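Protein chains in written order, with this note's numbering: chain A, 13 to 286; chain B, 1226 to 1544.
Ideal placement from N, C-alpha and C gives every residue a C-beta, glycine not left out.
Keep in mind that this is a model prediction, so the values were computed, not measured.
Next comes the structure, spelled out in structure tokens:
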């Protein structure tokens, strides 16, 4: 290994240590006893003997973290399914329609980005009250899908753009209908794109705070983000339990991300973000 | 495409098959038909849940009185007072200033971290996939939860950041980050930048990788050091992407709410009250929906004109 390579690795490791310090600190807080942490000079490296997983046990007694996770999982699953279906259909059509339509949709996409979610949630709140959808996880699925689909459809469009039209034409020459060639030829080829969109929308749905904070009032429908934030004010002293809850609530998405990162990156960089 | 139809017609004419007698729309009509059918659900959804809500916001912003019930909105008298209140309220301009500082600082931070990380992992090196994944880890972490983590790190008494800053001699006494109007915005900015930089890394990395290595070799032969190489090879190649990344990050920061609301909710003393947070507070703390809507319309107009000014760059890079 050349010297410049060593320097490069050292720099990369150094910056990763700095950037991932918040996650490390969260983990360390969760496994160290509170009395060690509540010190003006907390230990940067743990004494391995004092590691314990009590905080993880305690947090389930303090707060219904299990239910929060289940709620978030329900909302995320619903949103991913809806977003993927809508975005795949719209993305294909944007890719194959005249470029003018695509352009209009592209501009409207930027327009959608101008709307703060805190503003959009006002009429959504009123509309959902009107049809008694407030306080349901379904309302969160709808709200999240609405804001995710514009981006997701654009991602899918650029993915479909990379699949040559000639493939479908060839199938149609052989007597395939347009719909069948879409289902049997294009869709299987678009699987990586669909995967990327699924992770992308999953991350956004799991992380939603604005909608979950506003459209759900009771405790029954609390998601991890809202639950954890409500935890801060009430148990400020119990940082161990709080960080344990934090760690649990980021774990599913972080693990998925680590496993599927190449898929997400290739899906994102194939078009929209070039 | 025309070739295909011609062949079919000819084949039909030769065999005299049943196809000729049945009317079928031309191939291109059928193609477009499927496209429109596939687009319809998303379009319908956007009309109901984006276009109609925008109309509702404009409608609400022109009403006199407070209500949270949709069917009552139509009964309220029309007025321009809400805009008058919003535009003459010093708090609006205070929030605009906070939003501007917050957005610019977050964009600057995210683009610097994004550029440094992208440059470091630009070249092929063993294990790059895992290094890249580690660098992008903040991406899947919800902003509100990242903020909770930073609240603990920035704690006024036991926070590790205070400890580290004391250890290296930057400060003598602990800072109560989120309770001091002087530092609250900096406290909120930290998790914001932390959540925002991965997208910048990714966008810049994609464009850096399109720069051929030969350019760097040539620059080296000509005696250019790292700084000159960056100025004359790297930067020209990535500047458009960097500008686009800044616009995307800027829009995202300008409209985000999670980081502020997860801890300060706009305080202390309005020090972190961005426009997005001000809208939310007006609507769901003071339950003044018309005021919140007017403020929202003004906010969107401001963001829209800023974007319009940057439009040439967006068009060049994005379409």
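For a test of the three-state rule: what should DSSP assign to residue i, helix, strand or coil?
| i | result |
| --- | --- |
| residue 1288 of chain B | strand |
| residue 1533 of chain B | helix |
| residue 109 of chain A | coil |
| residue 1303 of chain B | strand |
| residue 1364 of chain B | coil |
| residue 1498 of chain B | coil |
| residue 1323 of chain B | helix |
| residue 1246 of chain B | Only weak support is given to the placement of residue 1246 of chain B: the predicted model assigns it a pLDDT of 45, under 50, and the value that follows is read from those uncertain coordinates. In the structure shown, residue 1246 of chain B sits in coil (DSSP, three-state: anything other than H, G, I, E or B). |
| residue 202 of chain A | coil |
| residue 188 of chain A | coil |
| residue 1465 of chain B | helix |
| residue 1507 of chain B | helix |
| residue 294 of chain A | Past the boundaries of the shown model lies residue 294 of chain A; chain A is included only from 13 to 286, so the question cannot be answered. |
| residue 165 of chain A | helix |
| residue 1408 of chain B | coil |
| residue 18 of chain A | helix |
| residue 1493 of chain B | coil |
| residue 1438 of chain B | helix |
| residue 1472 of chain B | helix |
| residue 271 of chain A | helix |
| residue 1487 of chain B | coil |
| residue 53 of chain A | coil |
| residue 174 of chain A | coil |
| residue 64 of chain A | coil |
| residue 1416 of chain B | helix |
| residue 1449 of chain B | coil |
| residue 1482 of chain B | coil |
| residue 1309 of chain B | helix |
| residue 1515 of chain B | helix |
Pick out whichever of the options has its Cα sitting closest to the Cα of residue i.
| i | options | result |
| --- | --- | --- |
| residue 33 of chain A | B:1353, B:1377 and B:1274 | B:1377 |
| residue 159 of chain A | B:1531, B:1498 and B:1271 | B:1271 |
| residue 92 of chain A | A:219, A:71 and A:79 | A:219 |
| residue 150 of chain A | A:233, A:64 and A:104 | A:233 |
| residue 1337 of chain B | B:1484, B:1421 and B:1298 | B:1421 |
| residue 175 of chain A | A:90, A:198 and A:254 | A:198 |
| residue 81 of chain A | A:261, A:269 and A:271 | A:261 |
| residue 268 of chain A | A:55, A:193, A:109 and A:207 | A:207 |
| residue 67 of chain A | A:273, A:244, A:222 and A:42 | A:42 |
| residue 70 of chain A | A:256, A:63, A:271 and A:131 | A:256 |
| residue 244 of chain A | B:1301, B:1308, B:1380 and B:1363 | B:1380 |
| residue 90 of chain A | A:130, A:157, A:204 and A:45 | A:157 |
| residue 49 of chain A | B:1443, B:1465, B:1384 and B:1427 | B:1384 |
| residue 1465 of chain B | B:1498, B:1488 and B:1425 | B:1425 |
| residue 1455 of chain B | B:1440, B:1469 and B:1468 | B:1440 |
| residue 1364 of chain B | B:1388, B:1353, B:1528 and B:1339 | B:1339 |
| residue 1495 of chain B | B:1408, B:1328, B:1449 and B:1528 | B:1408 |
| residue 59 of chain A | A:45, A:235 and A:86 | A:45 |
| residue 56 of chain A | B:1341, B:1388 and B:1353 | B:1388 |
| residue 1429 of chain B | A:280, A:23, A:212 and A:165 | A:280 |
| residue 240 of chain A | A:109, A:20, A:276 and A:74 | A:74 |
Worksheet item: Using 8 Å as the Cβ pair cut-off and three pairs as the minimum, do the stretch 1433-1445 of chain B and the stretch 1512-1531 of chain B touch?
Response: Flag = no, the stretch 1433-1445 of chain B and the stretch 1512-1531 of chain B do not touch.
Item to complete: Could you name the residues of the stretch 257-276 of chain A whose beta carbon sits closer than 8 Å to any beta carbon of chain B, in the order they occur along the chain?
Response: Listed by position, the residues of the stretch 257-276 of chain A near chain B (Cβ gap below 8 Å) are 258, 261, 262, 265, 266, 268, 269, 270, 273 and 274.
Worksheet item: Quick one, which residues of the stretch 37-67 of chain A are near chain B if we go by CB-CB under 8 Å, in chain order?
Response: So the close ones are 37, 38, 41, 49, 50, 51, 52, 53, 54 and 56.
Worksheet item: Pairing CB atoms from the stretch 1292-1305 of chain B with CB atoms from the stretch 133-151 of chain A, are three or more of them under 8 Å?
Response: yes
Worksheet item: Which parts of the stretch 1342-1405 of chain B are runs of the beta strand (DSSP E), unbroken and 3 residues or longer, counting only runs that do not cross its ends?
Response: Runs found: none.
Worksheet item: Is it true that the stretch 1494-1509 of chain B meets the stretch 102-113 of chain A, where meeting means three or more beta-carbon pairs spaced less than 8 Å apart?
Response: no
Practice prompt. With 8 Å as the limit, tell me which residues of the stretch 141-163 of chain A have their beta carbon closer than that to any beta carbon of chain B; keep them in chain order.
Written response: 141, 142, 154, 155, 157, 158, 161 and 162
Discussion item. To be precise: take each residue of the stretch 1281-1293 of chain B, compare its Cβ to all Cβ atoms of chain A, and keep it if any distance is under 8 Å. Which residues remain?
Written reply: Along the stretch 1281-1293 of chain B, going in chain order, the ones with a CB nearer than 8 Å to a CB of chain A are 1281, 1282, 1285 and 1293.
Worksheet item: Should the stretch 1393-1402 of chain B be regarded as contacting the stretch 1340-1353 of chain B, the criterion being three or more beta carbon pairs within less than 8 Å?
Response: At 8 Å Cβ cutoff, the stretches do not touch.
Discussion item. Using 8 Å as the cut-off, can you tell me whether the stretch 119-138 of chain A makes contact with the stretch 1279-1288 of chain B, which would need three or more C-beta pairs spanning the two stretches below that distance?
Written reply: Inter-segment contact for the stretch 119-138 of chain A and the stretch 1279-1288 of chain B is present: three or more beta-carbon pairs are separated by less than 8 Å.
Discussion item. Assess contact between the stretch 1466-1486 of chain B and the stretch 1363-1377 of chain B, defined as three or more Cβ pairs (one per stretch) separated by less than 8 Å. Is contact present?
Written reply: yes
Fill in: chain B contacts made by the stretch 16-38 of chain A, where a contact means CB separation under 9 Å
17, 20, 21, 23, 24, 25, 27, 28, 31, 32, 33, 34, 35, 37 and 38
Worksheet entry | Proximal residues, the stretch 1356-1378 of chain B versus chain A, C-beta separation under 9 Å | Residues passing the 9 Å Cβ filter: 1356, 1357, 1358, 1359, 1360, 1361, 1362, 1363, 1364, 1365, 1366, 1367, 1368, 1369, 1370, 1371, 1372, 1373, 1374, 1375, 1376, 1377 and 1378.
Worksheet item: If you pair each beta-carbon of the stretch 182-196 of chain A with each one of the stretch 117-134 of chain A, do three or more pairs fall below 8 Å?
Response: no
Worksheet entry | Contact list for the stretch 89-100 of chain A against chain B, Cβ threshold 7 Å | 98
Worksheet item: Using Cβ-Cβ distances below 7 Å, what residues of the stretch 1377-1393 of chain B are close to chain A?
Response: 1377, 1378, 1383, 1385 and 1388
Item to complete: Select from the stretch 214-243 of chain A all residues with a C-beta closer than 7 Å to any C-beta belonging to chain B, and list them in chain order.
Response: 215, 218, 219, 221, 222, 226, 237, 240 and 241
Fill in: Ordered list of alpha helix (DSSP H) runs contained in the stretch 216-253 of chain A, each at least 4 residues
222-227 and 236-246
Discussion item. Residues of the stretch 1505-1517 of chain B in Cβ contact with chain A at a cutoff of 8 Å, in chain order, please.
Written reply: Those would be 1505, 1508, 1509, 1514 and 1517, in chain order.
Worksheet item: What are the uninterrupted segments assigned as alpha helix (DSSP H) that are 4 or more residues long and contained completely in the stretch 86-159 of chain A, given in chain order?
Response: Taking 4 residues as the minimum length, the alpha helix (DSSP H) runs contained wholly in the stretch 86-159 of chain A are 111-126 and 129-142, in order along the chain.
Worksheet entry | Contacting positions in the stretch 1320-1340 of chain B - beta carbon closer than 7 Å to chain A | none
Item to complete: Compile a chain-ordered list of the residues in the stretch 116-140 of chain A whose CB is closer than 9 Å to at least one CB of chain B.
Response: Those residues of the stretch 116-140 of chain A that come within reach of chain B (Cβ to Cβ, closer than 9 Å) are 117, 118, 119, 120, 122, 123, 124, 125, 126, 127, 128, 129, 130, 131, 132, 133, 134, 135, 136, 137, 138 and 139.
Worksheet entry | the stretch 163-191 of chain A: positions lying closer than 8 Å to chain B by Cβ | 165, 181, 184, 185, 190 and 191
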